[in-house]
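K.L.:
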Amino acid sequence: MQLLVRTCLILSSVLFAACAPTMQVETSARLQPKAAVIDAEQDDRYWWQMRFRLIWPEGEQPDFGQHLLISEQLLLPVIIEYQDKLPLWRFHRRAGRDGAGHQFSLIIFTDEVTAGQINREISSAPLTDWLISNRLIEKVNFEKRSPEELGRLELTSDPSWPIEIQRSWPYFIMGTSQAWLLLVQELSAENPLASKVDYPSMLQHYQEVDKRLNAQWREYGQHAYLHHLSAIFGYQPIYIHSTELKTF
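The opening position of the sequence shown corresponds to residue 1 in this note's numbering, with each subsequent residue numbered one higher.
#1: Using CA atoms only, rank isn't needed, just tell me which of W89, G234 and T243 is closest to L181.
#2: In whole angstroms, give me the CA-to-CA distance for W47 and L226.
#3: Answer with buried or exposed for I79, where buried requires no fewer than 16 other C-beta atoms within 10 angstroms of its C-beta.
#4: What's the gap between the Cα of F172 and the Cα of N119?
#5: Could you spell out the range, first to last residue, of the beta strand (DSSP E) harbouring Y46?
#6: Report the three-state DSSP secondary structure of N134 (helix, strand or coil).
#7: Go through the region 32–117 residue by residue and report every complete run of the alpha helix (DSSP H) that reaches 4 residues or more, in order.
#8: Quick check: what's the CA-CA separation for Y235 versus R94?
#9: Bridge partners for K211 per DSSP, in chain order?
#10: Would DSSP call V184 helix, strand or coil?
#11: For E72 versus Q185, is the C-beta distance shorter than 8 Å?
#12: Per DSSP, V25 is paired with what?
#13: Excluding sequence positions up to five away, which residues of its chain have a Cβ less than 6 Å from the Cβ of E154?
#14: To the nearest angstrom, how far is the alpha carbon of T247 from that of L229?
#15: Please list the terminal residues of the continuous alpha helix (DSSP H) segment that includes L229.
#16: Per DSSP, what kind of secondary structure is L245 in: helix, strand or coil?
#17: I'd like the span of the beta strand (DSSP E) that includes D198, first residue to last.
#18: Looking at the secondary structure, which residues open and close the beta strand (DSSP E) in which Y239 lies?
#19: Should H241 be labelled buried (16 or more other beta-carbon atoms within 10 Å of its own) or exposed?
#20: Looking at G65: is its Cβ nearer than 8 Å to the Cβ of Q207?
#21: Whole angstroms is fine: what's the gap from Q2's alpha carbon to S124's?
#22: Give the straight-line distance between the Cα atoms of E195 and Q24, rounded to the nearest whole angstrom.
#23: Below 8 Å on the Cβ atoms is my guess for F109 versus R45; work out the distance and round it to an integer in Å.
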């Protein structure tokens with residue numbers, strides 16, 4: 001009976017949150033990035049992906065500010081909570097007029113128990129239901145990406161790359177994702193949300209953060225990121241789409 005009552009209370013709170021015009025917003029703890037684990041490849045670890053399929057009306061450009069909302073309000077608390085059990089993680093963003101559509105994903109390399117806990121926390125979060133009811137999120141899907149017993153490092157890298165790049169790239173993209181999330185958090189904190197906020201105000205907040213982040217990328221991306229990445233590789237020329245050799 002106690003279990004039934006508790007279940008009903010949880011369902012009631014979720015339903016109430018989904019219908020509520022405003023959402024209670026708590027300031028997230030500051031992300032303190034932890035280093036990736038060099039020996040991340042273990043027998044009980046696999047790749048998992050949580051996909052947020054976003055509603056994308058025909059004739060409109062994708063709203064990438066939605067990714068920032070999901071990353072700070074839904075995923076940041078989970079990343080902070082489980083960071084010690086996530087030797088590797090990253091974000092994935094895409095938008096195409098195809099079967100996959102507009103998606104924002106968290107990809108994690110962890111054990112089955114931790115993956116299940118993260119899935120349950122995000123899927124049952126009142127904010128998830130609220131964003132679905134406000135037609136930002138179409139659906140949330142969680143799946144195991146490792147098709148074999150050993151979740152090898154390279155299993156979610158581009159198979160067209162040399163195996164050495166496939167296996168080292170997850171470390172690169174994790175650091176990139178950490179830096180991007182820190183930028184989102186820093187810019188968001190400059191004009192913090194009210195403790196209770198309606199959906200249009202929350203979305204507008206992250207659209208504005210996205211504009212400022214994009215402006216910084218345009219202005220400083222070449223030197224802050226591309227130039228210094230090139231320096232790590234000894235300023236060697238690379239092929240860019242047009243096949244012209246360029247240095248940064």
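Glycine included, each C-beta is placed from N, C-alpha and C at the ideal position.
P.N.:
Once the coordinates are examined:
#1: Your numbering for residue 181 matches position 181 in the sequence shown. In terms of Cα proximity to L181, the closest of W89, G234 and T243 is W89.
#2: As a first step, residue 47 must be located in the sequence shown, where it is residue number 47. As a first step, residue 226 must be located in the sequence shown, where it is residue number 226. For W47 and L226, the gap between their C-alpha atoms comes out near 28 Å.
#3: Position 79 of the sequence shown, counting from 1, holds the residue named residue 79. It is buried - the Cβ of I79 has at least 16 other Cβ atoms within 10 Å.
#4: Within the sequence shown, the letter at position 172 stands for residue 172. Within the sequence shown, the letter at position 119 stands for residue 119. Spanning the two alpha carbons is a distance of roughly 25 Å.
#5: Within the sequence shown, residue 46 is the residue found at index 46, counting from 1. Element bounds for Y46: R45 to L54.
#6: Reading the sequence shown from its first residue, position 134 is the one you call residue 134. Reduced to three states, the DSSP call for N134 is coil.
#7: 65–70 and 76–82
#8: On the sequence shown, position 235 is the one that residue 235 refers to. On the sequence shown, position 94 is the one that residue 94 refers to. For Y235 and R94, the distance between alpha carbons rounds to 29 Å.
#9: Your numbering for residue 211 matches position 211 in the sequence shown. Paired residue(s): none; K211 is not in a bridge.
#10: Here residue 184 refers to the residue found at position 184 when the sequence shown is read from its first residue. Of the three classes helix, strand and coil, the one that applies to V184 here is helix, per DSSP.
#11: Along the sequence shown, one-based indexing puts residue 72 at 72. Along the sequence shown, one-based indexing puts residue 185 at 185. Yes; because the gap between Cβ atoms is below 8 Å, this pair is in contact.
#12: Here residue 25 is taken as the residue at index 25 of the sequence shown, counted from 1. DSSP lists no partner for V25.
#13: Residue mapping note: residue 154 aligns to position 154 of the sequence shown, counting from 1. Result list for E154: Q166 and R167, in chain order.
#14: In the sequence shown, the residue the question calls residue 247 occupies position 247. In the sequence shown, the residue the question calls residue 229 occupies position 229. In this model, T247 and L229 are separated by some 10 Å (Cα to Cα).
#15: Locating residue 229 in the sequence shown gives position 229, where the first residue counts as 1. Note, L229: alpha helix (DSSP H), H228 to I232.
#16: For the purposes of this step, residue 245 is identified with residue 245 of the sequence shown, where counting begins at 1. Three-state result, L245: strand.
#17: On the sequence shown, position 198 is the one that residue 198 refers to. Counting along the chain, the beta strand (DSSP E) containing D198 begins and ends at K196 to D198.
#18: One-based indexing of the sequence shown puts residue 239 at position 239. Taken as a continuous stretch (DSSP letters only), the beta strand (DSSP E) holding Y239 covers I238 to I240.
#19: If you number the sequence shown from 1, residue 241 lands on position 241. Flag for H241 reads exposed.
#20: Locating residue 65 in the sequence shown gives position 65, counting from the first residue. Locating residue 207 in the sequence shown gives position 207, counting from the first residue. Their beta carbons are under 8 Å apart, which means G65 touches Q207 by this criterion.
#21: Here the question's residue 2 lines up with position 2 in the sequence shown. Here the question's residue 124 lines up with position 124 in the sequence shown. Confidence in Q2 is poor, its pLDDT being 37 and thus under 50, which makes the residue's placement too unreliable to answer from.
#22: Position 195 of the sequence shown, counted from the start, is the residue given in the question as residue 195. Position 24 of the sequence shown, counted from the start, is the residue given in the question as residue 24. The question names Glu, but residue 195 is Ser in the sequence shown. Looking at the two C-alpha atoms, the distance is approximately 6 Å.
#23: As a first step, residue 109 must be located in the sequence shown, where it is residue number 109. As a first step, residue 45 must be located in the sequence shown, where it is residue number 45. Sure, about 6 Å apart at Cβ, within 8 Å.
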